[in-house]
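So the sequence shown is numbered by the working numbering: it starts at 17 and just counts up by one.
Idealized CB from N, CA, C, for every residue including glycine.
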Amino acid sequence: MEFIKSKILKHPNLKHAFCLRSGGVSPNPYKSLNCSYYVGDQNINVKKNHELILKSLNFEKSFSVKQVHSNKVVCAEDHFNKNTEIEADAIICKSFDLAISVTTADCAPILIFDRKELIVGAAHAGWKGAVKGITDNLIEHFQMNGSLIENILVAIGPCIGKDSFEVKSDMIKACIKEDYLSERFFINKSNSDFFDLGSYLVKKLENKGLKFIDHIDEDTYKNSEKFFSHRRETKKNNPTTGRMINIIGLTK
């Protein structure tokens, strides 16, 4: 099992990981560390993969949501252990020994930490959630829980890169209609349009006043050995693939 770790998410009471696709038990086309229950993999495989990750990070409990490309943020403590499926795309948590996570396969995973108040957050940001303001909402939830902007650290994990995220005019129009700021992150080359999702998210966070942002600039589309990519598999006429887990939590 392999992880990518952010260079700024460092604290004695913090553990996190942007997981790669290897080291799990799922067969093709989910080989092998698929962590989504919503892509057709057998639940027993997904459960085992989650257990492997939690064990490697010394967590026993975790909380996640059903991701729906929204801007909705939930508090883990409000829903943990209630056996109900919650639709959202970001989580905030103040409890120790309770990991929170999001899954991705081209969308951007975002892990957040308040080093003073000891609060963690995780967000799943595809283009829809990004332009709807998922990062703004998550930062505002931190502030409602006592966070000061200068104490918030953010890491954006591997996502589809600007050379791979080709888009059509209807998507460009939808983005600009929702958030005019997005217009500057569309790139036209060789008569095709591309979107720089990672840089757009960095700018959104900077506009909220954040200074400590680590953008892990690895393209999920280009590296099939390390990453699942929904777009890569869709271009092969096989949209079925796994999802990587991105996890963060407080420890004592």
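What residue range is occupied by the uninterrupted beta strand (DSSP E) comprising residue i?
i, result
"Asn254", "Asn254 -> no beta strand (DSSP E), and no H or E assigned at all."
"Ala33", "30 to 35"
"Phe129", "124 to 130"
"Ile229", "228 to 231"
"Ile116", "114 to 120"
Looking at the unbroken alpha helix (DSSP H) that takes in residue i, where does it start and where does it end?
i, result
"Cys191", "185 to 194"
"Gly177", "Unbroken run through Gly177: none, as it is neither H nor E."
"Ala146", "143 to 148"
"Ile261", "Counting along the chain, Ile261 falls outside any alpha helix (DSSP H), though it belongs to the beta strand (DSSP E) covering 260 to 266."
"Asn223", "213 to 223"
Where residue i and residue j are concerned, what is the direct C-alpha to C-alpha distance, given to the nearest angstrom?
i, j, result
"Pro174", "Cys123", "8 angstroms"
"Ala139", "Ile188", "22 angstroms"
"Asn65", "Met17", "10 angstroms"
"Lys148", "Ile203", "20 angstroms"
"Lys77", "Leu68", "12 angstroms"
"Asp179", "Asp212", "8 angstroms"
"Ser48", "Thr257", "10 angstroms"
"Lys227", "Arg247", "31 angstroms"
"Lys98", "Ile261", "22 angstroms"
"Lys110", "Glu156", "15 angstroms"
"Glu249", "Tyr54", "16 angstroms"
"Lys71", "Ser38", "16 angstroms"
According to DSSP, is residue i part of a helix, a strand, or is it coil?
i, result
"Asn87", "coil"
"His95", "helix"
"Gly56", "coil"
"Phe75", "coil"
"Phe201", "helix"
"Ile108", "strand"
"Glu156", "helix"
"Ile69", "helix"
"Lys238", "coil"
"Glu103", "strand"
"His246", "helix"
"Val170", "strand"
"Val62", "helix"
Can you confirm whether residue i, when its beta carbon is compared against all beta carbons of chain B, has any partner nearer than 7 angstroms?
i, result
"Ile229", "Reference to chain B is not applicable here, since this structure consists of a single protein chain."
For residue i, which residues of its own chain have a beta-carbon under 7 angstroms away from its beta-carbon, when the five flanking residues on both sides are left out?
i, result
"Gly145", "His85, Ser86, Asn87, Asp105"
"Phe96", "Phe79, Leu114"
"Thr151", "Ile126, Ala139, Ala141, Leu217, Lys220, Leu221"
"Asp233", "Gly214"
Suppose the cutoff is 8 angstroms on Cβ atoms and the five residues either side in sequence are ignored; what does the same chain contact list for residue i look like?
i, result
"Asn254", "Pro45"
"Gln159", "Ile165"
"Val218", "Ile172, Ile229, His231"
"Asp209", "Glu182, Val183, Lys184, Ser185, Ile188, Phe202, Ile203"
"Asp57", "Ser42, Tyr46, Asn50, Gly258"
Enumerate in chain order the residues of its own chain whose CB-to-CB distance from residue i is below 6 angstroms, with the five nearest sequence positions on each side excluded.
i, result
"Leu73", "Lys31"
"Lys251", "none"
"Phe75", "Ala115, Gly265"
"Ser52", "Thr119, Arg259"
"Thr267", "Asn29, Lys31"
"Leu36", "Glu18, Lys242"
"Gly137", "Ile108, Ile128, Leu154"
"Asn167", "Asp130, Arg131, Lys132"
The stretch 239 to 254 in contact with the stretch 74 to 87 per 3-pair CB rule at 8 angstroms: no
At least 3 beta-carbon pairs within less than 8 angstroms: the stretch 189 to 203 vs the stretch 106 to 126: no
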